[in-house]
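Let me begin by presenting the structure, written as structure tokens, before commenting on it.
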Amino acid sequence: MSRRQVSLELISSLLIMLFLYASISKFLDFERFIHEMDNQPLPNELTPYLVWGIPFLEIAISIALIFERTRLYGFMASLILMILFTIYSGTILLHFFKYVPCSCGGVIRKLTWRQHLAFNLFFVGLSVTGIFLQRRKHSNPIISSTKNILV
Amino acid sequence: MKKVKLAIITTAILLSIGGAFATKLNQVCAGHPQFYYNGSGWSPAGTMGWDYYCQDSPSTCTYYQVAGGFAGCSQGSYTRIFHNLKDAPAAKLKK
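Protein chains in written order, with my numbering: chain A, 1 to 151; chain B, 152 to 246.
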């Protein structure tokens, strides 16, 4: 197993852990999640879509990251989602909204918004690295298949 | 190689599922009625996310009743949510 392959497996595992943990935590305390979403400075009409959409999207990304065929799409989707979360954390910190809402989701709930931003940026970095490594792996199919034969 | 990959992915899945359930169990106090200290006594906190939220702060936000008193449950600064602007203290002061 090459170093690049190990890195890819570790990066996908970290992202899977993040998204699965976050989605399961939301479903385990769903009522609280609905209230917390209502408390966010977003239109409350969006709440039904967000409370179902976000956890299902997180589970879908986790599944995509498991399989080799869909992994690149998984990394891309995780990058988009993490960038959206990062922009949201940034706007909260810049007092873009009238008030600072709670920061939510399992143990992640205990992070401050500043820590949230750093946490999100770390996972944005992981997603970018994942896309880069996965693309390089597929752009050299002959090299990678030869390596597989040799290994 | 596939075995290693399978082991890493399985560990990640099990850790995330186990972690989510462990966090849930760790929040047993959240299942009890929550109170906050209003400066002179204890008042019911209401529903988290609807009636109040805990703003980032190192202090204790809400408490729950234990034998002989109250114990801290959540961290932060207790902040009331006003769904109607008329109820907000600032609006009342202007009147």
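Where is the CB? At the ideal position from N, CA and C, for every residue including glycine.
Cβ of A:L93 within 7 Å of any chain B Cβ: no
Minimum Cβ-Cβ distance from B:S167 to chain A less than 7 Å: yes
Any C-beta of chain A under 7 Å from that of B:A305: A question about residue 305 of chain B goes unanswered here, because the residues of chain B that appear run from 152 up to 246.
Residue ranges of each beta strand (DSSP E) within the region 187-211 of chain B, 3 or longer: 193-195
Member of B:A196, B:N189, B:G190 whose CA lies at the smallest distance from the CA of B:G182: B:A196
C-beta atoms of B:K153 and A:L28 nearer than 7 Å: no
Cβ distance (whole Å) where A:L93 is taken to contact A:L57 below 8 Å: Actually they are not in contact, since the Cβ atoms of A:L93 and A:L57 sit about 24 Å apart, beyond 8 Å.
Interface positions of the region 68-80 of chain A facing chain B (Cβ-Cβ less than 8 Å), listed along the chain: none
Cβ shell of B:W193 (< 6 Å), same chain only, five flanking positions each side left out: Same-chain partners within the cutoff: F186.
is_contact[A:M82, chain B] using C-beta, thresh 7 Å: Cβ-Cβ to chain B under 7 Å: no for A:M82.
CB contact check: A:Y21 to chain B, cutoff 7 Å: yes
is_contact[A:S13, chain B] using C-beta, thresh 7 Å: So yes, A:S13 belongs to the interface.
Limits of the beta strand (DSSP E) - the one that B:S225 falls within: 220-231
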